[in-house]
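Start counting the sequence shown at 5; every next residue gets the next number (the working numbering). Even glycine gets a Cβ: it sits at the ideal position worked out from N, Cα and C. Predicted model, so just to flag it, every value in this text is computed and none were measured.
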Amino acid sequence: MTDAALRERLIVGLDVPTLKAAEQAVAELGDTVSFYKIGYQLAFAGGLGFASELVSSGKKVFLDMKLLDIDNTVAKGVENIVRMGVSMLTLHAYPKAMRAAVEAARGSDLCLLGVTVLTSMDEQDLADAGYEHDPHTLVLIRAEQALQAGMGGIVCAATEAAAVRKIVGPELAIVTPGIRPAGADAGDQKRVMIPADALRSGASHLVIGRPIVGASDRKSAAKAILAEMAGVSAGMG
């Protein structure tokens, strides 16, 4: 795998409070990182415009909006997001919403990702929310529904990636947040895995935020993770 291809498998989460902080992180990481995630925190601080700037500069953007609404609203939102030129977009893996999004994105290069179960949730959290299934079972149900809807990929915990890969096959993206280098603080994540194990389990893309953006030397932190990923990719190849 080329260095460029490897870098596209690492998505750095710009989970920072201001545009200035995001711009500084991107500047410090330079050519080491080519793919960034923008979620709610940065989106509501001007991050949508920044997403377009990143795309214009040659970077890839994963817009983590977790859309869920009536079909028409989802479709119209996706149509405008397609025009932004971002590479990935999340929506909650509800069948009607996924079908509406797939139709709206048809013919574009936007990879739609179905969010199965948030990595901050465990069995008790799902029970409290009224779900009858445990996280693993619900992830697999939603992975099958996303496949049937024609989605481009799945977001799930790396602990579920191997089982999801068996369902969705080799082509769909499996994007795994909750990735923590060995010894790192898990923070508010409950279902975590180290980068090497996530790749071995079938993840196609790793989303890593705080271990890189919160590091004193961000570029070195990113390079260390890429080196670990390269070792796994070489072994799998």
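Beta-carbon to beta-carbon, Ala162 and Ala207 are separated by about 6 Å, close enough to satisfy the 8 Å threshold. In this structure, the beta-carbon distance from Val16 to Ile42 does not fall below 8 Å. Annotation: the continuous beta strand (DSSP E) that includes Phe66 extends over Lys64 to Leu71.
Relative to the Cα of Ala49, the nearest Cα in the group Ala104, Ala153 and Asp19 belongs to Asp19. Under the DSSP assignment, His209 falls in the beta strand (DSSP E) whose first and last residues are His209 to Ile212. Distance from the CA of Val30 to the CA of Leu52, rounded to the nearest whole angstrom, comes to 15 Å. Here the region 55-65 makes contact with the region 85-95; the two share three or more CB pairs at distances below 8 Å. The C-beta separation of Val119 from His96 comes to about 5 Å, placing the pair in contact by the 8 Å criterion.
For Leu10, same chain residues with a beta-carbon under 7 Å away, outside a window of 5 residues either side, are Leu230, Met233, Ala234 and Ser237 in chain order. Closest in alpha carbon position to His209, among Gln28, Gln45, Met69 and Leu117, is Leu117. Bridge partners of Val159 according to DSSP: Val119 and Val179. CA-CA distance, Leu144 to Gly173, rounds to 13 Å. About 6 Å separates the beta carbons of Leu14 and Phe39, which is inside the 8 Å limit, making them a contact pair. Close CB contacts of Ala109 within its chain, under the 7 Å cut and outside five residues either way in sequence, are with Val82, Val86 and Leu116 (chain order). Using a Cβ distance threshold of 8 Å, Ala101 and Leu142 do not count as a contacting pair. Excluding residues up to 5 positions away in sequence, Leu116, Ala153, Gly154 and Met155 lie with their Cβ nearer than 7 Å to the Cβ of Val106 in the same chain. The beta-carbon distance between Val211 and Val179, rounded to whole angstroms, is 6 Å. This is short enough to meet the 8 Å contact definition.
In the DSSP assignment, Gly53 falls within the unbroken alpha helix (DSSP H) covering Leu52 to Ser60. Under the three-state reduction of DSSP output, Ile145 falls in the helix class.
The beta carbon of Lys227 sits closer than 7 Å to those of Thr36, all from its chain and outside the five residues before and after it, given in chain order.
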